[in-house]
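Counting from 1, position 60 in the sequence shown corresponds to residue 79 in this note's numbering; the numbering is continuous, with no gaps.
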Amino acid sequence: MAEIGYGYGSEWHLMRFMARHRKYLEKKIRESIGVNDGDFSWLDFRFVEKGKAADAEIKGLSFLDDILHENKLGLTDKKIKDIKKSFISGWNSSQSWDAVFVLNNTIYLVEAKARIDEMKSNNKNNGGTSRTSIIQFMEKQLCKYGINVNKEWLGTYYQLANRLATVALLKNHGVNAKCVYIYFIDGFEKPGTGCKENANKDQFNEAIQEEFKALGLTDEEKTEDLLTNVFINAKENCNK
């Protein structure tokens, strides 16, 4: 888990809106995903002994076991085992979700961003010795959506690439799922330092288009079943 910024950053604002502005957050998500009914069921993080927060992010497909435990979506041990068997094993420890919730019969996997650089991977050559198997996995999961996977999917935008492939895996096993990217406008201003890496909606959209172009996702309709973007002003109503 990344070190949480006090008063700024995607993790801070997501926790803030989940704790203090939950109804507003859920309203913005509903507007974006087009679901007006049903109750949100957010999954808890797990406790750990180490770390300042003593919490562990939800990793890989671990959320499936939590959903099974809560008796949601009709998941079974066998189905979960089948899904995990088809998954990239290394992602169980390297892939972290900022939040997960269930709404009606769908699992929503949440990623939050407060600055454009968060969209990029520091490593331009992801996958290591598993590059070939990861590409093959992505191709297998995404081919039915008409999405062509290439080596760029292991590059700068590896995070979005593996998120899309994970959602496709779930859907290909009959589990309704979708990734929700929450972009916090004006969300990266460190208090008392003068450091500002804020982005407005137009800047985020421009960066998203650049990301999609790099991955060859020129037809956004191909990702509509896999991904929804939500834009929230981190300073909403602050000046009112």
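From the three backbone atoms N, C-alpha and C, an ideal C-beta is built for every residue, glycine too.
So the beta strand (DSSP E) residue i belongs to, where does it begin and stop?
i       : result
Ser-60  : 59-61
Tyr-43  : Not the beta strand (DSSP E): Tyr-43 falls in the alpha helix (DSSP H), residues 41-52.
Glu-130 : 125-132
Run through DSSP, which three-state label would residue i get?
i       : result
Ser-81  : helix
Glu-216 : coil
Tyr-200 : strand
Phe-231 : helix
Asn-224 : helix
Ile-267 : For the chain, the structure presents residues 20 to 259; residue 267 sits outside this window and is missing.
Phe-120 : strand
Glu-255 : coil
Glu-243 : coil
Glu-208 : strand
Looking only at C-alpha atoms, which of the options sits nearest to residue i?
i       : options                               : result
Phe-36  : Asp-84, Asn-181 and Asp-117           : Asp-117
Leu-128 : Phe-250, Leu-245, Asn-252 and Ala-253 : Leu-245
Ala-262 : Trp-61, Glu-158 and Asn-55            : Here the chain has residues from 20 to 259 only, and residue 262 is not among them.
Phe-106 : Leu-183, Gln-222 and Ile-251          : Leu-183
Lys-163 : Gly-174, Asn-141, Asn-142 and Ala-187 : Ala-187
Gly-146 : Glu-130, Tyr-176 and Ala-131          : Tyr-176
Phe-82  : Lys-232, Asn-252 and Leu-189          : Leu-189
Val-119 : Leu-80, Gly-93, Leu-94 and Lys-103    : Leu-80
Is it the case that the Cβ atoms of residue i and residue j are separated by a distance below 9 Å?
i       : j       : result
Ile-201 : Lys-220 : no
Gln-114 : Asn-181 : yes
Glu-240 : Leu-179 : no
Thr-247 : Lys-197 : yes
Gly-235 : Ile-166 : yes
Asp-85  : Asp-63  : yes
Arg-150 : Gly-206 : no
Asn-144 : Gly-174 : yes
His-192 : Lys-98  : yes
Lys-254 : Tyr-27  : no
Phe-66  : Lys-132 : no
For residue i, report the span of its alpha helix (DSSP H) as first-last.
i       : result
Asn-191 : 177-191
Asn-111 : 110-113
Phe-156 : 150-161
Worksheet item: Can you find at least 3 beta carbon pairs, one from the region 72-81 and one from the region 144-158, that sit closer than 8 Å?
Response: no
Worksheet entry | Contact between the region 121-140 and the region 52-67 (3+ Cβ pairs under 8 Å) | yes
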